[in-house]
């Protein structure tokens, strides 16, 4: 186990080293915050302001940036200013080829403008304000006004960027076409009929986000930057074709999601229907059953409780075996109750003969823990104090709970009262649940990737999983005919334990009264059964006597509270 942890640590260290090496190019500087405000004028020009907060991790002498003005755009003016995060005022930079502190260089690169700011920057946060006025951002193609630009072109990766586009007048969204490249990273919201806000997540360095906008030809009446009408029609046609392709792909994956969810639901329904049919066929074939006393069963009380279909947590299984041992006089229990909580249980071992396998496991563990002491504090044995002063279950106790569960399950499997195919059916149910969850993740990915939502997909997956869980809990395992006979025989007595009119007869004829009391406790009828013992009992059973302090507690909630330290 230690070797495995060692190898895992080496692998993790290698992954971290590779990641750090891959990011070394941009490790000195990162972008902490990025906000863009774009104002469009009546002439179709663009006045943009980019406010970027850089996180400098080591001293640097310059910062690079990139702006897009478009193939036909002209950069009419550019103002650059910088300040440290704790300063009040910005320091303006001047365009110069000298590369002196407080200057920047500007170089056109096709539709882009590359900038480099020169300054001695120390470790910390620094804010830079880029204000650019681009003439001819929108092109007038007669019938259409089209913007085709890329934003967020910084040579650093960005986590989240906000872009606000402000129009000179109200926009009719029905007449506007908006295409965003890599739109799975973008959330678009109209703040008002004159402002569109985009939130862009996780962009790589220099990647940018391409944005195309199409508005009617009369939207910018003063726009003098004219392009060929045929070229505008081609651009609009390409945009419409891309939009239609996107919608078609969206519909296709929506249908795929619905079909996949429907298939999983149908498989689950058919599978569960078959299990119910198979189980009902066997049950209908059993018309009579023998009399079997539950307090004389060859099985241990816990094994019998599981056979009767009780789904008991592993902690409750431990207490069930513990209480059964007390009922047989194999040990004595002394409960320390504080309010509605059990603070501790003192356990005294009395006899370790004629025990079932799970009882043998439990008493052996108690004997080892008690050593030569007369009694054992269950709290001190079950819990250990963590570094934070809280109590947590000891590893040995967790192992014991698992062993008790495994032993009783094995006893049931070897009883021959269940169909051999029950294990296969259980495996298939778990496999279908796994497939349903996997398919749900695939559908969620499709919905995120292609920007659609289908409520029926979620409904079908939820119904499929609930159906399979129902089968795993209430239908499986399936009993053979002999198993059904035994089940019906014991069930008649379990029903009698819950019937006040029959409790007296059960008490008077009991062979092992504490077993009946324990089963009544599991059924939630321990108080009524205790009253029957008081009225009709000719014997005072050990468990009944020892558990008077907690007899009102629901059995499944019996446990020591770990909410206090050992010294409390």
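Residue numbers (mature numbering (1 follows the signal peptide of the UniProt record, and there is no 0)): -27 to -1, 1 to 541. For every residue, glycine included, the Cβ atom is placed at its ideal position computed from N, Cα and C.
Cβ atoms of residue 351 and residue 533 come within 8 Å of each other, at about 7 Å.
Uninterrupted alpha helix (DSSP H) stretches at least 4 residues long and entirely within the stretch 495 to 525 occur at 499 to 509, 515 to 519, given in chain order. The C-alpha of residue 211 is placed about 27 Å away from the C-alpha of residue 175.
Given a length threshold of 4 residues, each whole run of the alpha helix (DSSP H) inside the stretch 305 to 357 is given here in chain order: 330 to 343, 351 to 355.
Taking C-beta atoms under 8 Å as the contact rule, residue 57 and residue 99 qualify, at a distance of about 5 Å. Going by C-alpha positions, residue 20 is about 38 Å away from residue 224. Distances from the alpha-carbon of residue 471 to those of 449, 422, 486, 495 put 495 closest. The count of Cβ pairs closer than 8 Å, one atom from the stretch 225 to 240 and one from the stretch 423 to 443, reaches three, so the stretches are in contact. With contacts defined by Cβ atoms closer than 7 Å, residue 105 and residue 46 do not form a contacting pair. Only residues of its own chain outside the window of five on either side were considered, and among them 248, 395, 398, 399, 402 have a CB closer than 8 Å to the CB of residue 449, listed in chain order.
DSSP places residue 278 inside the alpha helix (DSSP H), whose first and last residues are 274 to 280. Annotation: residue 32 to residue 86 spans about 25 Å, alpha carbon to alpha carbon. In its chain, beyond the 5 residues on either side, 54, 55, 56, 75 have a beta carbon closer than 8 Å to the beta carbon of residue 64.
Under the three-state reduction of DSSP, residue 143 is assigned to coil, being neither helix nor strand.
Under the three-state reduction of DSSP, residue 130 is assigned to coil, being neither helix nor strand.
In the structure shown, the three-state DSSP call for residue 19 is strand. Residue 442 counts as exposed, since fewer than 16 other C-beta atoms from the protein chains shown sit within 10 angstroms of its C-beta. For residue 58, no beta strand (DSSP E) encloses it, and the DSSP letter there is neither H nor E.
With contacts defined by Cβ atoms closer than 7 Å, residue 38 and residue 120 do not form a contacting pair.
The Cβ neighbour count for residue 518, taken over all protein chains shown within 10 Å, is under 16; the residue is labelled exposed. For residue 385 and residue 406, the gap between their C-alpha atoms comes out near 24 Å. Pairing residue 344 with residue 374, the inter-Cα distance amounts to about 20 Å. With a cutoff of 7 Å on beta-carbon distance, residue 118 and residue 188 are scored as near each other.
Non-local C-beta neighbours of residue 316 in its own chain, meaning closer than 6 Å and more than five positions away in sequence, comprise 309, ordered along the chain. The three-state secondary structure of residue 154, taken from DSSP, is coil.
In terms of Cα proximity to residue 6, the closest of 18, 27, 12, 15 is 27. Using a C-beta cut-off of 8 Å, the stretch 484 to 494 makes contact with the stretch 288 to 304, since at least three inter-stretch Cβ pairs fall below that distance. Across the structure, residue 135 and residue 22 are spaced so that their CA atoms are roughly 12 Å apart. Close CB contacts of residue 114 within its chain, under the 6 Å cut and outside five residues either way in sequence, are with 200, 202, 205 (chain order). With a cutoff of 7 Å on beta-carbon distance, residue 241 and residue 427 are scored as not near each other. If you ignore the 5 residues before and after residue 129, its C-beta comes within less than 7 Å of the C-beta of -2, 2, 3, 4, 178, all in its own chain and listed in chain order.
Where residue 103 is concerned, the enclosing beta strand (DSSP E) starts and stops at 97 to 108. Taken atom to atom, the span from the alpha-carbon of residue 254 to that of residue 452 is near 11 Å. Ranked by how close their Cα comes to the Cα of residue 339, the residues 329, 330, 327, 354 have 354 in first place. Inclusion of residue 503 and residue 486 in the CB contact set at 7 Å is not warranted, their separation being larger than that value.
Residue 133 and residue 171 have their C-alpha atoms spaced approximately 10 Å apart.
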